[in-house]
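Okay, structure first, notes after.
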Amino acid sequence: MATNQSLDRGLAILDLLDGEAQPMGIRDIARALDISPTIVQRLANTLAAAGYLEQMPETRRYRLGYRAVVLGGALRRDDHLLANAARELRSMADEHHLNGYLGALRDHRVVYIDSVQSSGPIAVRSMPGERAHAHSTAMGKILIAELAAAELARVVGPAPYPALTTHTLVTAEALDAELAEVRRRGFALSREENLVGVISVAAAIRNQSGRIAAALSVAFLASEHDSTGWPAITQLVLDAAHRCSRSLGHDGPPIQLTGENAHVA
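Note that the numbering used here has the sequence shown beginning at 909, numbered continuously upward.
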């Protein structure tokens, strides 16, 4: 009975944090669930050690860890995908000096599952478990590009959307046109829409049924790569995402930048 009670309480903690936009402290969790702080601390330690919670070093508060993110989505995700994606991200960082990210859509936000810092000038700020807007990030755009209209509206909310920079798409008309372009091209771009001076490119990771399960993206400084170099970077991301898709059983053809599709800007 004690084991079942511990499991129930652990799941309650995960459910609580899943619904919170900000990390929570032990006493806040204990108060919300009417559980002793001592018990909450013990369960949080266990969940964090297993990767289901992550403790913020600055505040000591907790948020969902990457394993909870992985289990909660539609990936049929497992460590096999994480290992493949991590290998691709590391390759792009080491060989091409690009910061790489793996993410999935959870509720109305993009959740970062993994990130790798390159030796380049951009510092990785998106750690596993952190969330970002879908309308302003390349990863978000690729993840929402094939959603039905009602689901898309639920995810992005009513317009005008939050303006992260002066380049952010804030109207429904602009976002709809952008997502149509994403579907046509097979990849997404964020042109200083989430961070000033930063360009990002994202491609879809598809599961066996062909549905978008996650996304792979890279970020680089606009000042480091002008638009003539974007196609080569985009092809790297497309190829990496295709290999990750194959690890999930997807057997669709890779996307190649040819003809009109090769114009990336």
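We put the CB at the ideal spot given by N, CA and C, even for glycine. All figures in this text were calculated on a predicted structure; none of them were measured in a lab.
According to the DSSP secondary-structure assignment, Gln-963 is paired through a beta bridge with Tyr-970.
Here Arg-998 carries a helix assignment [DSSP, helix/strand/coil].
Within the same chain, no Cβ atom closer than 6 angstroms to the Cβ of Ala-991 is found once the five residues on either side in sequence are excluded. Measuring C-alpha to C-alpha distances from Gly-918 to each of Pro-1139, Ile-943, Ser-1027 and His-1133 identifies Ile-943 as the nearest. The stretch 926 to 959 is shown to contain whole alpha helix (DSSP H) runs of 4 or more residues at 934 to 941 and 945 to 957, in chain order. Leu-1006 is a Cβ neighbour of Ser-1026, given a cutoff of 8 angstroms.
Contact between Thr-1079 and Glu-1101 fails: their C-beta atoms lie close to 13 angstroms from each other, not under 8 angstroms. By the criterion of a C-beta distance shorter than 6 angstroms, Ala-1053 is surrounded in its chain by Leu-1087, Val-1090 and Arg-1091, once the five residues flanking it on both sides are discounted. One alpha carbon belongs to Leu-955, the other to Arg-995, and they sit about 25 angstroms apart.
Ranked by Cα distance from Arg-1017, the options Pro-965, His-1004 and Pro-1070 are led by Pro-1070. Contact annotation, Thr-1142 with Leu-1165: C-beta distance approximately 6 angstroms; criterion of less than 8 angstroms satisfied. With contacts defined as CB atoms closer than 8 angstroms, Leu-1146 and Pro-1162 qualify as a contacting pair. Between Leu-924 and Ala-938, the C-beta spacing is not below 8 angstroms.
Asp-1134 and Val-1106 have their C-alpha atoms some 11 angstroms from each other. Beta-bridge partners assigned by DSSP to Ile-1050: none are found. Secondary structure of Asp-1159 (DSSP, three-state): coil.
A distance below 8 angstroms separates the beta carbons of Arg-975 and Ala-958. Among the bridge pairs identified by DSSP, Ile-1120 is matched with Arg-1114.
With respect to Gly-1008, Val-1024 sits close: the two C-beta atoms are nearer than 8 angstroms. Relative to Ala-1127, the option among Gly-1011, Ser-1098, Gly-933 and Ile-921 whose CA is nearest is Ser-1098. Just so you know, the alpha carbons of Glu-1003 and Ala-1058 end up roughly 41 angstroms apart. Excluding sequence positions up to five before and after His-1043, its CB lies within less than 7 angstroms of the CB of Val-1064, Tyr-1069, Leu-1077 and Leu-1083, all in the same chain and listed in chain order.
Annotation: Val-1018 is outside any alpha helix (DSSP H); the continuous beta strand (DSSP E) that includes it extends over 1017 to 1024.
Thr-1045 is classed as buried because its beta carbon has at least 16 other beta carbons within 10 Å across all chains shown. For Leu-1055, no beta strand (DSSP E) encloses it, and the DSSP letter there is neither H nor E.
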